[in-house]
Ligand SMILES: CC(C)(COP(=O)(O)OP(=O)(O)OC[C@H]1O[C@@H](n2cnc3c(N)ncnc32)[C@H](O)[C@@H]1OP(=O)(O)O)[C@@H](O)C(=O)NCCC(=O)NCCS
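In my numbering, the protein residues as written are 36 to 478.
This is the structure in structure tokens:
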């Protein structure tokens with residue numbers, strides 16, 4: 036006899052699912068906004084994701100199918116991307132569009148879809164999953180709030196500068212902002228390459244992805260953004276990415292902003308805010324509702340926020356992150372760890388340093404004080420095992436690795452984060468400094 040769980044199979048998506056998944060997701064996402072009507076922006080996004088999106092193939096969808104009807108009744112999609120952590124490439128899977136048809140809720144289909152996704156990532160070595168979504172819900176699936184790329188103040192529309200006020204000598208000051216075209220994509224990719232080699236956590240786009248952001252999406256796609264470039268004559272010196280329409284609250288969202296040369300930022304911030312004012316007014320006229328503010332989805336330390344007009348402080352919303360392979364993650368970071376210890380003139384005095392993550396452990400191997408390898412071992416009883424130098428729960432390790440929290444902060448918050456002695460504490464604190472987040476995830 037079929038049990039309730041037999042009723043569903045989880046399978047990979049197919050290109051032929053496009054219409055059905057678009058209908059399913061449009062009928063479950065953002066229903067408070069549409070008043071229960073299908074969300075056309077969601078439908079267009081799903082269609083784009085299954086129609087040549089540069090970060091997704093149909094297989095990246097996971098679908099729960101009702102075996103009685105053959106219909107897709109729940110699904111999610113992962114967008115595969117590479118982030119850069121201070122120059123080290125990290126494969127990241129961003130999960131989006133998690134939804135279950137109302138008639139099929141209560142069967143833990145999300146749990147089953149995530150179990151399948153995590154098995155897939157364990158097999159293909161994807162060390163990090165991220166998702167933004169329902170408060171607390173994803174903690175139940177092993178996720179932790181270990182990343183935030185927002186929290187910058189919101190600038191009221193009335194506080195935005197006009198171009199003329201901030202640049203009294205007009206175009207002779209040099210920097211202006213104009214909408215990007217596909218002719219700019221190589222310059223945009225070049226800026227991202229440079230940023231990826233800096234100190235921040237970034238999500239670099241190559242020319243193909245920039246082309247897609249500028250000209251690849253359906254107009255109605257909820258994830259479509261407007262890309263503008265900062266120029267000095269014909270020279271592309273930076274970019275600004277903002278929403279393609281006003282939010283229900285009349286806000287214009289800023290998702291990313293970058294300058295090739297950091298010395299440009301003071302003038303760039305004025306030029307970008309003047310551009311946002313201009314765009315906001317244009318959107319206001321088209322939408323027939325007031326343009327109220329610029330909402331920076333940027334970290335508070337971002338130069339655009341720091342050097343722009345003062346605004347209303349915001350609390351960061353936070354992203355969930357998860358790793359199923361803490362030792363694998365540390366192994367990927369070897370060059371960065373080596374460079375950080377080297378810069379601080381630190382050498383480890385034993386052949387190994389063992390970090391136990393309560394289940395798995397990572398053994399860091401040293402030759403003449405320099406890190407030479409990271410291997411995975413079975414975790415022991417970290418609180419008592421003599422060979423263990425530190426015991427760090429996987430969620431706390433992710434906070435450290437992503438530079439979200441420093442070791443003193445983690446030690447303060449997590450009683451089950453244990454460090455053997457002051458030397459180990461100093462060594463690990465140097466390995467994991469706070470990192471600026473400049474990541475505009477692909478969606
Ligand atoms: C969120 C959603 C995908 C969960 O569907 P599901 O996998 O079928 O989940 P179930 O109904 O089996 O519920 C599993 C558990 O999660 C809880 N849960 C379900 N939806 C929840 C929500 N929106 N917020 C908080 N908890 C929720 C349930 O109460 C249940 O808890 P229990 O174990 O204590 O009984 C579904 O409600 C949905 O499609 N919602 C609309 C779209 C949405 O919000 N997607 C998430 C975007 S981040």
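For each residue, glycine too, the CB sits at the ideal point set by N, CA and C.
Keep in mind it's a predicted model, so treat the numbers as computed, not measured.
Annotated three-state conformation of residue 409 is strand, per DSSP.
Per DSSP, the unbroken beta strand (DSSP E) holding residue 120 starts and ends at 106-120.
Under the Cβ criterion (8 Å, minimum of three pairs), the segment 445-465 counts as touching the segment 410-427. Just so you know, the alpha carbons of residue 334 and residue 215 end up roughly 24 Å apart. The Cβ neighbour count for residue 338, taken over all protein chains shown within 10 Å, is at least 16; the residue is labelled buried. Per the DSSP secondary-structure output, residue 329 pairs in a beta bridge with 190 and 287. The C-beta separation of residue 81 from residue 57 comes to about 4 Å, placing the pair in contact by the 8 Å criterion. The three-state secondary structure of residue 389, taken from DSSP, is strand.
Straight through space, the alpha carbons of residue 65 and residue 394 are spaced by roughly 38 Å. CA-to-CA, the gap between residue 360 and residue 241 works out to about 27 Å. The beta strand (DSSP E) runs of length 3 or more contained entirely in the segment 286-317 are, from start to end of the chain, 286-294. DSSP places residue 426 in the strand class (E or B) of the three-state scheme. Counting along the chain, no alpha helix (DSSP H) covers residue 164; the unbroken beta strand (DSSP E) around it starts and ends at 163-166. In this structure, residue 135 places its C-beta atom within 9 Å of the C-beta atom of residue 109. As the crow flies, the alpha-carbon of residue 235 is around 21 Å from that of residue 262. Boundaries of the alpha helix (DSSP H) around residue 245: 242-250.
With respect to the 9 Å criterion, residue 370 and residue 123 are classified as neighbours on the basis of their beta carbons. When the alpha-carbon of residue 354 is set against those of 168, 303 and 442, the nearest one is in 168. Of the candidates 249, 99 and 131, the residue whose Cα lies closest to the Cα of residue 164 is 131. Judged by DSSP secondary structure, residue 354 falls within the beta strand (DSSP E) whose first and last residues are 354-357. Membership of residue 96 in the beta strand (DSSP E) is indicated by the continuous run 96-101.
Counting along the chain, residue 459 sits inside the alpha helix (DSSP H) bounded by residues 457-466. For the pair of segments examined, the segment 87-104 was found to touch the segment 39-54: the number of CB pairs separated by less than 8 Å reaches three. In the three-state reduction of the DSSP assignment, residue 477 falls in the coil class. For a cut-off of 8 Å, the C-beta gap from residue 322 to residue 281 is around 5 Å, short enough to register as a contact. Per DSSP, reduced to three states, the secondary structure at residue 91 is coil, with no helix or strand assignment.
Restricting attention to 316, 413, 238 and 59, the CA atom closest to the CA of residue 286 is found in 316. For the pair residue 271 and residue 249, the CB atoms are not nearer than the 9 Å cut-off. Sorting 253, 247 and 273 by C-alpha distance to the C-alpha of residue 225 places 273 at the top. Judged by beta-carbon spacing, residue 349 lies within the 9 Å limit of residue 189, meaning their Cβ atoms are closer than that value. Per DSSP, the continuous beta strand (DSSP E) segment holding residue 129 begins and ends at 123-135.
In this structure residue 101 touches residue 43 by the C-beta definition: roughly 6 Å separates them, less than 8 Å.
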